[in-house]
Amino acid sequence: MTEINNSIIKLVSSLAMKKYRDREGLFVAEGWKCVRDTWGAFRCRYLIATKQWYEKFGTAEHYESLVIANKGQMARISQFNTPSDVLAVYEIERPEVDVELVDRSLNIVLDNIQDPGNLGTIVRLADWFDIPYIFCNESTVDIYNHKVVQATMGAIVNVKVIYTDLEQLLDEHPSLPVYGTFLDGNNLFTAKVERRAFVMFGNEGQGISPRLAARTTRRLLIPAASPHHASDSLNVGTAAAITLARFATE
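Our numbering puts the first residue of the sequence shown at 17, with every later residue one more than the last.
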């Protein structure tokens with residue numbers, strides 16, 4: 017156990033930015049539920065908490081990495097408008113890909129997803145439907161963004177999120193069909209789908225980019241119940257939930 021100092025405050029504050037997360041190899045999980053859900057899954061550099069929090073919730077396994085801070089100091093390092101009484105600074109893990117597992121699984125592909133809440137929701141869906149991998153291009157929001165970590169509700173522990181060249185990824189797995197969601201696709205609920213596949217979701221405003229759309233082998237549509245609907249598309253997190261639930265029935 018130690019007391020917080022300016023060096024730790026500066027480090028933790030910097031982790032709000034991706035370039036510093038990448039440089040330091042660290043990310044932040046903030047709030048008691050987030051820390052509880054991720055504790056033990058990542059190597060902890062610092063567990064920063066108020067004395068009151070530790071006296072109420074702390075255990076012996078927290079003590080080695082414990083850094084005590086007051087509420088004012090917690091506010092300085094918090095990445096949220098309402099600071100919590102505890103946060104963990106974890107070491108970033110770079111997961112390896114089991115090629116054989118990819119070839120026998122349903123895998124999610126994300127093209128330029130920008131909203132942290134949407135990525136967090138899709139990670140939770142992958143965990144719920146036992147999908148081992150989410151593959152993202154580099155323009156997709158960082159999985160270790162504090163808002164994404166929070167939005168995964170602990171599912172970040174079970175799902176491997178890989179940032180890679182998506183076209184190269186598809187080339188490396190030619191036996192897998194590539195499904196995409198489009199406004200001119202085949203009805204999701206009547207189309208034949210396979211559990212060994214890639215299923216792709218695109219940017220919130222632009223959808224799947226033309227280059228990746230050209231690589232899809234099966235185009236799917238989530239049909240509206242009425243032709244008079246006001247919305248021209250679904251939120252990508254909602255679309256992912258409906259689509260993945262359909263695959264789960266196969």
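Don't be surprised by glycine CBs; every beta carbon is placed ideally from N, CA and C.
Report the residue ranges of all alpha helix (DSSP H) runs contained in full by the stretch 195–221; include only those spanning at least 4 residues, in chain order. Listed in chain order, the alpha helix (DSSP H) runs fully inside the stretch 195–221 amount to none, counting runs of at least 4 residues.
I238 versus Y79 - alpha carbon distance: Against the sequence shown, residue 238 aligns to sequence position 222. Against the sequence shown, residue 79 aligns to sequence position 63. If you take the alpha carbons of I238 and Y79, they lie about 50 Å apart.
task: Just tell me which of R212, Y179, F205 has its CA closest to the CA of P193.
output: Along the sequence shown, one-based indexing puts residue 193 at 177. Checking every option, the nearest Cα to that of P193 belongs to R212.
I'd like to confirm the pairing. Which residues does DSSP put opposite W55 in its beta bridges? In the sequence shown, counting from the first residue as 1, residue 55 sits at position 39. DSSP output for W55 lists F58 as bridge partner(s).
Applying the 10 Å Cβ sphere with the 16-neighbour rule, what's the burial state of A217? Within the sequence shown, the letter at position 201 stands for residue 217. The sequence as given places Phe at residue 217; Ala does not occur at that position. It counts as buried.
| With DSSP run on the structure shown, which of helix, strand or coil describes F151? | Taking the sequence shown and counting its residues from 1, the one referred to as residue 151 is at position 135. In this structure, F151 counts as strand in the three-state DSSP scheme.
Worksheet item: Using DSSP with H/G/I as helix, E/B as strand and the rest coil, what is F43?
Response: Locating residue 43 in the sequence shown gives position 27, counting from the first residue. If DSSP states are grouped into helix, strand and coil, F43 belongs with the strands.
- request: Just grab the DSSP bridge partners of R235 for me.
  value: Counting from 1 along the sequence shown, the entry for residue 235 is found at position 219. In the DSSP assignment, R235 is bridged to G196.
Exposed unless 16 or more other CB atoms sit within 10 angstroms - verdict on Q278
There is no way to answer for residue 278, as the model of the chain reaches only from 17 to 266.
Original post:
Under a three-way DSSP split, which group does V175 fall into?
Top reply: Taking the sequence shown and counting its residues from 1, the one referred to as residue 175 is at position 159. V175 sits in coil when the DSSP states are folded into three classes, being neither helix nor strand.
Exercise. What does DSSP give as the partner residues of A65 in its beta bridges?
Worked result: By one-based count along the sequence shown, residue 65 stands at place 49. A65 is bridged to I84, V102.
State the CB to CB distance for the pair V215 and V118, rounded to an integer number of angstroms; the pair is presumed to be in contact (CB under 8 Å). Start at 1 with the first residue of the sequence shown, and residue 215 comes out as number 199. Start at 1 with the first residue of the sequence shown, and residue 118 comes out as number 102. Their Cβ separation, rounded to whole angstroms, is 13 Å, which puts V215 and V118 out of contact at 8 Å.
#### Entry: C-alpha distance - I108 paired with T156, whole-angstrom precision
Mapped onto the sequence shown, residue 108 falls at position 92. Mapped onto the sequence shown, residue 156 falls at position 140. Taking the straight line from one Cα to the other gives about 17 Å.
Subject >> Enclosing alpha helix (DSSP H) for N22 [first to last residue] >> reply: Within the sequence shown, residue 22 is the residue found at index 6, counting from 1. From DSSP, the alpha helix (DSSP H) with N22 extends over 22–30.
* From D248 to F145, what distance separates their C-alpha atoms? -> Position 232 of the sequence shown, counting from 1, holds the residue named residue 248. Position 129 of the sequence shown, counting from 1, holds the residue named residue 145. Approximately 27 Å, taken between the alpha carbons.
*So which of T66, L42, W48, W69 has the shortest CA-CA distance to R59?*
Locating residue 59 in the sequence shown gives position 43, counting from the first residue. For the options T66, L42, W48, W69, the alpha carbon positioned closest to that of R59 is the one of L42.
For S81, the nearest candidate out of Y62, G253, A240, T75 (CA to CA): Sequence index remark: in the sequence shown, residue 81 carries index 65 (1-based). For S81, the nearest C-alpha among the options comes from Y62.
query: Tell me, which residues are paired with V118 by DSSP?
result: Residue numbering aside, residue 118 sits at position 102 when the sequence shown is read from its first letter. Note: V118 sits in no beta bridge, so no partner.
Quick check on E188: does DSSP put it in helix, strand or coil? Position 172 of the sequence shown, counted from the start, is the residue given in the question as residue 188. Three-state result, E188: helix.
- Determine the contact status of L103 and V51, defining contact as a CB-CB distance below 8 Å. Position 87 of the sequence shown, counting from 1, holds the residue named residue 103. Position 35 of the sequence shown, counting from 1, holds the residue named residue 51. Going by C-beta atoms, L103 is nearer than 8 Å to V51.
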